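Novice: Each protein sequence line maps, in turn, to chains A and B.
Under the working numbering, think of the first position of the first sequence as 1, with each following residue one higher.
Under the working numbering, think of the first position of the second sequence as 1001, with each following residue one higher.
Number of protein chains: 2
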Amino acid sequence: MEDRKISLNQRRTNYCGNFTKDDVNKDVTVMGWVEKQRDLGNLIFIDLRDRTGIVQLAISKPTADEKSFEEAFHCRAEFVVIASGKINLRKEKNEKIKTGEIEIIVEKLEIISKSKTPPFDIAKCENVSLELRLKYRYLELRNKDLQNTFIMRHKIVKHARDFFDENNFLEIETPMLIKSTPEGARDYLVPSRVHKGCFYALPQSPQLYKQLLMVAGFDRYFQVARCFRDEDLRADRQPEFSQIDIEMSFVEQDDVISINEKFIKSLFSKILNIEIKTPFLRLSYEEAMQKFGSDKPDIRFSLEITSLEEAALNSSLNAFKDAINSGGGVYAINLKNKADLVSRKEIDRLIEVAKTYKAKGLFYSKLLKDNKSSNFEKFLSEDEIDKIYKILDAKENDMIFIIADVNKETALVALGALRLYLGEKFNLYNKNDFCFLWVVDFPLFEYSEEEQRLVSKHHPFTMVKEEDLDILTKNPENCRAKAYDLVLNGCEVGGGSIRIHNQEIQNKIFEILKFSKEEINEKFGFLVDAFQYGAPPHGGMAYGLDRLVMLMLQKNSIRDVIAFPKVQNACELMTNSPSIVQKNQLDDLQIKIKD
Amino acid sequence: MEDRKISLNQRRTNYCGNFTKDDVNKDVTVMGWVEKQRDLGNLIFIDLRDRTGIVQLAISKPTADEKSFEEAFHCRAEFVVIASGKINLRKEKNEKIKTGEIEIIVEKLEIISKSKTPPFDIAKCENVSLELRLKYRYLELRNKDLQNTFIMRHKIVKHARDFFDENNFLEIETPMLIKSTPEGARDYLVPSRVHKGCFYALPQSPQLYKQLLMVAGFDRYFQVARCFRDEDLRADRQPEFSQIDIEMSFVEQDDVISINEKFIKSLFSKILNIEIKTPFLRLSYEEAMQKFGSDKPDIRFSLEITSLEEAALNSSLNAFKDAINSGGGVYAINLKNKADLVSRKEIDRLIEVAKTYKAKGLFYSKLLKDNKSSNFEKFLSEDEIDKIYKILDAKENDMIFIIADVNKETALVALGALRLYLGEKFNLYNKNDFCFLWVVDFPLFEYSEEEQRLVSKHHPFTMVKEEDLDILTKNPENCRAKAYDLVLNGCEVGGGSIRIHNQEIQNKIFEILKFSKEEINEKFGFLVDAFQYGAPPHGGMAYGLDRLVMLMLQKNSIRDVIAFPKVQNACELMTNSPSIVQKNQLDDLQIKIKD
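Structure, rendered in structure tokens:
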């Protein structure tokens, strides 16, 4: 049982990936993992790896002593090794690695830790099953891409902190064991041992606390905060996730937007060396829906939605006429100059996409020169067809898609989905573009069929636009909120609002939401109380950090940017959590599992 | 229902506390809270406050219009106000505030939010009951001292991040919903909704994950991590707390110690402008116990413990002789030149202190010139007394205290407690000193009476000192660990260890701890697995961030440095959490409360 003395300062000259031509002839010591060992008989090559990259070790006798040569001979992938020797200029440069101009002629080499054969090839683990990769996450994380991901994530978060610090924001930690105020998603609960039958909740966000920090006069707050939602996971969700959470006092929407544009601009410049133009485009929710069929439009490409209401009003096609007459809509997109690329099979697929989004059907015209085909033009007069073509500026080799529905939103959302599908299918955008926009003027409320009442679209503390204050009582469903989402390439990366600091308005909102006095008191009593002691106007924003990092690094899933993610059933496969616990743990908490 | 448009950029010229003589004659706009309003009839003064300080507003007609004067007249403490006007040089400087040379001659003033009368005077809330202060924490946090605390805490944490970033550490977030591996303190549990009868635990520390990050090759990790312990709270504990958590690969104890000394040095220099000398003193656990009766000695003052074993060996006092003969000890401290200050009543109190720490009695001699008194010298010969005096260098006006016990530790710990009591009582140290030291060479194990086995003093992954490897099997209770605590002014502010990366040693340790194969597999299987794939030598450290901030800012409780702390029964008084939750929440989790 021997354990070697290793001292970083004395023993490791530099990280593997940092050696250059300038180090030639220097005596160095390196430590790392064996990426590959090649035994040429009298000469052994080892690619030694650490988080910075790879350096080649060359081991041969008598430069290396007998014992070192022996150790090198026994090295296998993922063994941990310490080696010292002299840096040598290589005859032939290896272009594939940073240190390709040099190698280390080894004098001493020792194996520090052995490794079993890894369950998969770490350098090429993309095709390994998710389950196996996550079970051995500590091995997958050795992959160069993943190492780089977490180095970049560190830099992104560091930059965020530097930026908000420079702009007078204070990072203040808010509690994790808080009161359960279910509104929106489901809370994770934590049983209290001291107070039988009582529970804490894990925060879905620091929303209420950050507002209290504004009441407390901290003026500008931020936090990289862990948040929790006990929801059934979709691909892009995790039960625990991180957000960059900010709040400011004495501000209006423009102030929050402006400082966040500065932040994004500096972040992309510093981390990716990409210049993002500010100010970002702003679209109202209404406009975003009308033009893109989405409240988070991907504006890397056009293919905008056009209303055919004018042409459809007295159409001889019943589907068109009925849609308009029932207060619905008829909308179209025009895929310019690509008709020849859309096969019959592709059209079937597009119809399926539209149906997935509840559209009853998809009308199309494929304007090929000699072989025009359409599934609806036969029902229309030439005049009607011309009118539609004119509105859509349809030319030869264009292909137009039309959806009519008695519900405008259904038609728009389905066409929006079709638009995204076509955008990707026909490479209508540059995948390396980063296109930001703000979606503003969200509705303050939406109707919940389930609860048979209006519910807050954002949250109950969101301020209504001044212009709509007059209709708050009579016409709440038409009120717009001082709420804003930041959208990047079709993903919502952040969102926020100006909050209500006025008691009267807040009470009005609670009334519209049909909250009883008891409910208000039970759920938000402390916040309502706090607002009676001099609340400043305030507002803020939160970024989904995982998603922002994912988009910046062009990864496919937020799992790729979280060190130890959970899978869809909320399990972590490496540790097998959640798990059964000991009976005395439950006894302490005075809870039991239902039969 | 009117809501005023406020734009930070256009409307707030600067924070209240930032105006100086250089701003005289400038037109400015300020926003903040009314600290005080004084109505002199034709002239109203308002002290306006924000997080930077106070500025004086002077409101009189006709400079201020009728409406503004009216609003100023109605201002009360904690109203939120916006005001604009011109900066004026004051005739008489107010030395008490930063902006005391100037005032703002107000032209416009508006009340943005009113406030009820606060339940206590925010400027003087030290004497308000803890319960009331915490119920209205958002008001207490407006207090200048508390504002400053969180500004400083932000700076401390920012510096920590900057430092570790500059030194190649990566901040990597580890999960909060993890597997329960009870060993040490009690876990907080989180019921899983998806997996009936299964639970997550909240982390007591990121220990296992940070070791896995080393196995994954990240080389240097840090994180400001939230940790949770479901323990009955002592004054200095919170159920959730933060630690600065670090881990390094390819290092030995000296490396970890050295980089952390650099960190502390830079932290105190940057934040407090105090130069801390490095390297810090290092004491072995044994030495710390012998000299100070504590493994976290306060070395701001001397008053060291001396063994009287030599003098007590054949003492005519049975208490001395018996203690030595049963393998115990006789120890003393000498309070130099203060005998005249120790009253009879004080002696009684000291005897009580000693008893609290399980000492059976306290022997003393008060060496006053004319009035020497002792409770034990009458049992000894003059020679024996002289010998003791000589060992302790006891002179006129010294007072010596002796504790004899059959258990050395009992005697030492009791004397250590007495030492601290005397140090504070007689002002033996400067309260503004910051005295750091490392305590090293901790025992690897300690015997648990409760479990009737050896348990890890630190944790089961702590490496044994090479010198003691030989006795690991035969004599484990004498093995010393590569563990180190950082002590500041008698408080442990951090601690860590070099970890085991060698399978054989790890298995040996598990064996000594009497862990069964099943237990190991169940609790740490993933870590044991991971170590079979090439584990680098590694070690690290964690700081109790709250405690470090508390000591740096010379606060009395960690509650003072946490924005929303919990009280002793783990309640948060502002939100009344934990609380009863809705039945359907428990139904979803398939748990119920025991009858």
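Note that beta-carbon positions come from the ideal geometry of N, C-alpha and C, so glycine has one too.
This one's a predicted model, so the numbers in the text were calculated from it and none came from an experiment.
Cutting at 7 Å between CB atoms, please list the residues of its own chain near H458 (chain A), excluding the five before and the five after it.
Specialist: In the first sequence, counting from the first residue as 1, residue 458 (chain A) sits at position 458. Result list for H458 (chain A): F442, A481, A483 and S497, in chain order.
Novice: Can you pull the chain A residues whose beta carbon is under 7 Å from the beta carbon of C1198 (chain B), in chain order?
Specialist: Counting from one through the second sequence, the residue named residue 1198 (chain B) turns up at place 198. Under the 7 Å cutoff, chain A gives P578, S579 and I580.
Novice: If you drop the 5 nearest sequence neighbours on each side, which residues of the same chain put their C-beta closer than 8 Å to that of F1199 (chain B)?
Specialist: Position 199 of the second sequence, counted from the start, is the residue given in the question as residue 1199 (chain B). Excluding residues within five positions, the ones whose Cβ falls inside 8 Å are S1180, L1189, V1190, P1191 and S1192.
Novice: With which residues is F1401 (chain B) paired in a DSSP beta bridge?
Specialist: Here residue 1401 (chain B) corresponds to residue number 401 of the second sequence, with the count starting at 1. Answer by DSSP bridge pairing, in chain order: B:I1333 and B:Y1364.
Novice: Give the residues of chain A in contact with L1057 (chain B), contact being defined as C-beta atoms less than 7 Å apart.
Specialist: The count along the second sequence starts at 1 and reaches residue 1057 (chain B) at position 57. Under the 7 Å cutoff, chain A gives no residues; its nearest Cβ is about 16 Å from L1057 (chain B).
Novice: Three-state secondary structure (DSSP) at E252 (chain A)?
Specialist: Position 252 of the first sequence, counted from the start, is the residue given in the question as residue 252 (chain A). Residue state, collapsed to three classes: coil.
Novice: Ignore the nearest five residues each way along the sequence and tell me which others in K108 (chain A)'s own chain have a CB closer than 6 Å to its CB.
Specialist: On the first sequence, residue 108 (chain A) is found 108 positions in, with the first residue counted as 1. Excluding sequence neighbours, K108 (chain A) sits near S68 and S84.
Novice: Using the beta-carbon of each residue, which ones in chain A are nearer than 9 Å to Q1147 (chain B)?
Specialist: Along the second sequence, read from residue 1 onward, the residue named residue 1147 (chain B) stands at position 147. Under the 9 Å cutoff, chain A gives A216, G217 and F218.
Novice: At a CB-CB cut-off below 7 Å, which residues of chain B make contact with D230 (chain A)?
Specialist: On the first sequence, position 230 is the one that residue 230 (chain A) refers to. Within chain B, the residues near D230 (chain A) are R1193.
Novice: Provide the residue(s) that pair with M1031 (chain B) in DSSP beta bridges, ordered along the chain.
Specialist: The residue labelled residue 1031 (chain B) in the question sits at position 31 within the second sequence. In DSSP, M1031 (chain B) forms a bridge with B:I1082.
Novice: I need the straight-line Cα distance from L272 (chain A) to C491 (chain A), nearest angstrom please.
Specialist: On the first sequence, residue 272 (chain A) is found 272 positions in, with the first residue counted as 1. On the first sequence, residue 491 (chain A) is found 491 positions in, with the first residue counted as 1. Those two C-alpha atoms are separated by around 19 Å.
Novice: Could you tell me the boundaries of the alpha helix (DSSP H) in which I151 (chain A) lies?
Specialist: Along the first sequence, read from residue 1 onward, the residue named residue 151 (chain A) stands at position 151. Residues K144 to E166.
Novice: Give me whichever residues DSSP pairs with E446 (chain A) in a beta bridge.
Specialist: Residue 446 (chain A) sits at position 446 when you count from the first residue of the first sequence. E446 (chain A) is bridged to A:V455.
Novice: In angstroms with no decimal places, state the Cα-to-Cα distance between P578 (chain A) and E231 (chain A).
Specialist: Counting from 1 along the first sequence, the entry for residue 578 (chain A) is found at position 578. Counting from 1 along the first sequence, the entry for residue 231 (chain A) is found at position 231. If I take the Cα positions, the gap works out to 15 Å.
Novice: Quick test of the definition: if touching needs 3 or more C-beta pairs under 8 Å, does the region 1387-1397 of chain B touch the region 1299-1319 of chain B?
Specialist: Yes, since at least three Cβ pairs between the region 1387-1397 of chain B and the region 1299-1319 of chain B fall closer than 8 Å, the two stretches touch.
Novice: Between the Cα of R220 (chain A) and those of B:E1101, B:D1050, B:H1159 and B:V1080, spot the shortest distance and give me the residue it belongs to.
Specialist: Translated into the one-based positions of the first sequence, residue 220 (chain A) becomes position 220. The shortest Cα separation from R220 (chain A) among B:E1101, B:D1050, B:H1159 and B:V1080 belongs to B:D1050.
Novice: Are at least three pairs of beta-carbons, each pair with one atom in the region 493-508 of chain A and one in the region 459-478 of chain A, less than 8 Å apart?
Specialist: Counting Cβ pairs under 8 Å, three or more are found: they touch.
Novice: What does the alpha-carbon distance come out to for the pair L1548 (chain B) and A225 (chain A)?
Specialist: Taking the first residue of the second sequence as position 1, residue 1548 (chain B) is located at position 548. Taking the first residue of the first sequence as position 1, residue 225 (chain A) is located at position 225. When rounded, the distance between both Cα atoms is 21 Å.
Novice: DSSP state of A1607 (chain B), grouped into three classes?
Specialist: Any question about residue 1607 (chain B) goes unanswered here, given that chain B covers just 1001 to 1595.
Novice: Could you compute how far the alpha carbon of R1229 (chain B) sits from the alpha carbon of S1365 (chain B)?
Specialist: Along the second sequence, one-based indexing puts residue 1229 (chain B) at 229. Along the second sequence, one-based indexing puts residue 1365 (chain B) at 365. Approximately 45 Å, taken between the alpha carbons.
Novice: Are the CB atoms of F1079 (chain B) and K1116 (chain B) nearer to each other than 7 Å?
Specialist: By one-based count along the second sequence, residue 1079 (chain B) stands at place 79. By one-based count along the second sequence, residue 1116 (chain B) stands at place 116. Their beta carbons are not under 7 Å apart, which means F1079 (chain B) does not touch K1116 (chain B) by this criterion.
Novice: Tell me which residues of the region 1468-1499 of chain B have at least one Cβ-Cβ distance to chain A shorter than 7 Å, keeping chain order.
Specialist: Cβ contacts with chain A: L1469.
Novice: Sorted by chain position, which residues of the same chain lie with C-beta nearer than 8 Å to L1321 (chain B)'s C-beta, five sequence neighbours on each side aside?
Specialist: Counting from 1 along the second sequence, the entry for residue 1321 (chain B) is found at position 321. Note that residue 1321 (chain B) is Lys in the sequence shown here, rather than Leu. Cβ neighbours of K1321 (chain B) beyond the five flanking positions: A1312, L1313, N1314 and S1315.
Novice: Would the beta-carbon of Y138 (chain A) fall within 7 Å of that of A1216 (chain B)?
Specialist: Residue 138 (chain A) sits at position 138 when you count from the first residue of the first sequence. Residue 1216 (chain B) sits at position 216 when you count from the first residue of the second sequence. Going by C-beta atoms, Y138 (chain A) is nearer than 7 Å to A1216 (chain B).
Novice: Kindly indicate the opening and closing residues of the beta strand (DSSP E) around F994 (chain B).
Specialist: In the structure as shown, chain B begins at 1001 and stops at 1595. Residue 994 (chain B) is therefore absent and cannot be evaluated.
Novice: Could you tell me which uninterrupted beta strand (DSSP E) segments, each at least 3 residues in length, are contained entirely in the region 53-102 of chain A, listed from first to last along the chain?
Specialist: The region 53-102 of chain A contains these whole beta strand (DSSP E) runs: 53-60 and 80-89.
Novice: At a CB distance below 7 Å, what residues from the region 26-45 of chain A approach chain B? Give them in sequence order.
Specialist: Flagged, chain order: M31 and W33.
Novice: Taking the C-alpha atoms as reference points, what is the distance between M1399 (chain B) and I1385 (chain B)?
Specialist: For the purposes of this step, residue 1399 (chain B) is taken as residue 399 along the second sequence, with counting starting at 1. For the purposes of this step, residue 1385 (chain B) is taken as residue 385 along the second sequence, with counting starting at 1. When rounded, the distance between both Cα atoms is 14 Å.
Novice: Alpha carbon to alpha carbon, how far is Q1037 (chain B) from E1103 (chain B)? Give it in angstroms, no decimals.
Specialist: For the purposes of this step, residue 1103 (chain B) is taken as the residue at position 103 of the second sequence. For the purposes of this step, residue 1037 (chain B) is taken as the residue at position 37 of the second sequence. Cα to Cα, E1103 (chain B) sits roughly 14 Å from Q1037 (chain B).
Novice: E1166 (chain B) and Q1223 (chain B) look like a contact to me (Cβ under 8 Å); what is the Cβ gap, rounded to whole Å?
Specialist: The count along the second sequence starts at 1 and reaches residue 1166 (chain B) at position 166. The count along the second sequence starts at 1 and reaches residue 1223 (chain B) at position 223. Incorrect: roughly 16 Å between the Cβ atoms, too far for contact.
Novice: Measuring straight from C-alpha to C-alpha, what distance separates W1438 (chain B) and E1304 (chain B)?
Specialist: Numbered from 1 along the second sequence, position 438 holds the residue referred to as residue 1438 (chain B). Numbered from 1 along the second sequence, position 304 holds the residue referred to as residue 1304 (chain B). About 17 Å.
Novice: With L43 (chain A) and E35 (chain A) assumed to form a contact (beta carbons below 8 Å), what rounded beta-carbon distance in angstroms separates them?
Specialist: Position 43 of the first sequence, counted from the start, is the residue given in the question as residue 43 (chain A). Position 35 of the first sequence, counted from the start, is the residue given in the question as residue 35 (chain A). The Cβ separation is near 17 Å, so there is no contact.
Novice: Where does the unbroken alpha helix (DSSP H) through Y1484 (chain B) begin, and where does it stop?
Specialist: Counting from 1 along the second sequence, the entry for residue 1484 (chain B) is found at position 484. No alpha helix (DSSP H) holds Y1484 (chain B); the beta strand (DSSP E) holding it covers A1483 to L1488.
Novice: With 7 Å as the threshold, decide whether the Cβ of D1441 (chain B) is near any Cβ in chain D.
Specialist: Among the protein chains of the structure shown, namely A and B, there is no chain D.
Novice: Would you check if there are 3 or more beta carbon pairs closer than 8 Å linking the region 555-569 of chain A to the region 503-513 of chain A?
Specialist: No, the region 555-569 of chain A is not in contact with the region 503-513 of chain A.
Novice: Report back the beta-carbon spacing between V1440 (chain B) and R1282 (chain B) to the nearest angstrom; my notes put them in contact at under 8 Å.
Specialist: Translated into positions along the second sequence, residue 1440 (chain B) becomes position 440. Translated into positions along the second sequence, residue 1282 (chain B) becomes position 282. Yes, they are in contact, since the Cβ atoms of V1440 (chain B) and R1282 (chain B) sit about 6 Å apart, within 8 Å.
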